[in-house]
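Here my numbering is used: the first residue of the sequence shown is 105, the next is one more, and so on.
Glycine included, every Cβ here is placed at the ideal spot set by N, Cα and C.
Working notes, beginning with the structure itself.
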Amino acid sequence: IRGREKLIKQYQMHKAAGRILELPSKHKGRWHELFGNDNPIYIEIGTGRGRFISTLAHQHPDINFVGIELEHELLGRVGRKAAELEVGNNLILTPADASRLIDFFDAGEVHRIYLNFSDPWPKTRHAKRRLTYRSFLQSYRSVLRADGAVHFKTDNRDLFEFSLNELADDDWKLSAITLDLHNSRWMEGNIMTEYEEKFSSRGMPIYRVEARPYP
Ligand code: SAM
């Protein structure tokens, strides 16, 4: 419980500082005003503890990042990580459900979407909850620019296969596909997520694909 209280405190602190924003729909179509520039917007859905998006935001101050995470308290950790890395105003975190993505972003407002180690929801009756289920893909298509892309990586072979099928059925153009990211040419510049570190240290291969909404 002490740990949880600490996380809540951190969450409140980063909210007060403007890093965490609870009403993303207020900024639909106007994210550039919030960031104060016209730089591209990249989002990550399901930041978890946030090493990936904090590191990326630190490396790319000329790109605006929005991290979306269902579990509010995790964002306290992400805020801390961003502070440790001295990330500037180019990273906003929002506690939200990605199934409402089209309420948060206007058509064409997003340049890139990262999905990292998304929950696999292995039961068939839960397939609709997978972040690469067709209804999610349709919302990604509507918020992405025509030249935008989804970058997806996972340790879960079944989820990867499912995702490739959903993407293909919805006419996405697939590229940079690998069944073993860590032994591939796409490893250069790869930022390991917390889950990625855990699974790859057990010798499990990491699957990855880039998908563009138009062929
Ligand atoms: N990306 C991190 C990593 O690779 O270490 C975390 C992976 S974890 C398995 C998946 C995360 O996605 C969880 O933190 C979960 O709360 C979040 N998530 C799942 N469904 C979501 C949704 N619909 N909207 C936002 N976040 C979601």
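Kindly list the residues whose CB is nearer than 8 Å to the CB of residue i, restricted to its own chain and excluding five residues on each side of it in sequence; keep chain order.
i, result
"F169", "I145, Y146, I147, E148, I157, L160, A161, N194, L195 and I196"
"E177", "R108, L111, I112 and Y115"
From which residue to which residue does the alpha helix (DSSP H) around residue i run?
i, result
"E109", "R106 to A120"
"R261", "R261 to D273"
"F156", "R155 to Q163"
"L127", "Looking at the DSSP string, L127 is not in any alpha helix (DSSP H), and its letter there is neither H nor E."
"V247", "R238 to V247"
Under 7 Å Cβ to Cβ from residue i, same chain only, skipping five residues before and after it: list those, please.
i, result
"Y318", "A250 and K277"
"R289", "none"
Residue i: buried (16+ other C-beta within 10 angstroms of its C-beta) or exposed?
i, result
"E265", "exposed"
"P199", "buried"
"A211", "exposed"
"E190", "exposed"
"H230", "exposed"
"G122", "exposed"
"L235", "buried"
"L285", "buried"
"E213", "buried"
"L127", "exposed"
"N220", "buried"
"S222", "buried"
Tell me which residue opens and which closes the beta strand (DSSP E) that residue i is part of.
i, result
"K277", "K277 to T282"
"V313", "Y311 to R316"
"H176", "Unbroken run through H176: none, as it is neither H nor E."
Give the single residue among the options whose Cα lies nearest to the Cα of residue i.
i, options, result
"Y244", "K130, R316 and G152", "R316"
"P224", "L248, E137 and F256", "F256"
"L179", "R155, E300 and H136", "R155"
"N143", "M291, R216, Y237 and V313", "R216"
"S203", "A187, L174 and N287", "L174"
Might you give, ordered along the chain, the residues of its own chain that have their beta carbon closer than 6 Å to the beta carbon of residue i, omitting 5 neighbours on each side?
i, result
"A253", "R216, E314 and R316"
"Y311", "T258, F264 and L283"
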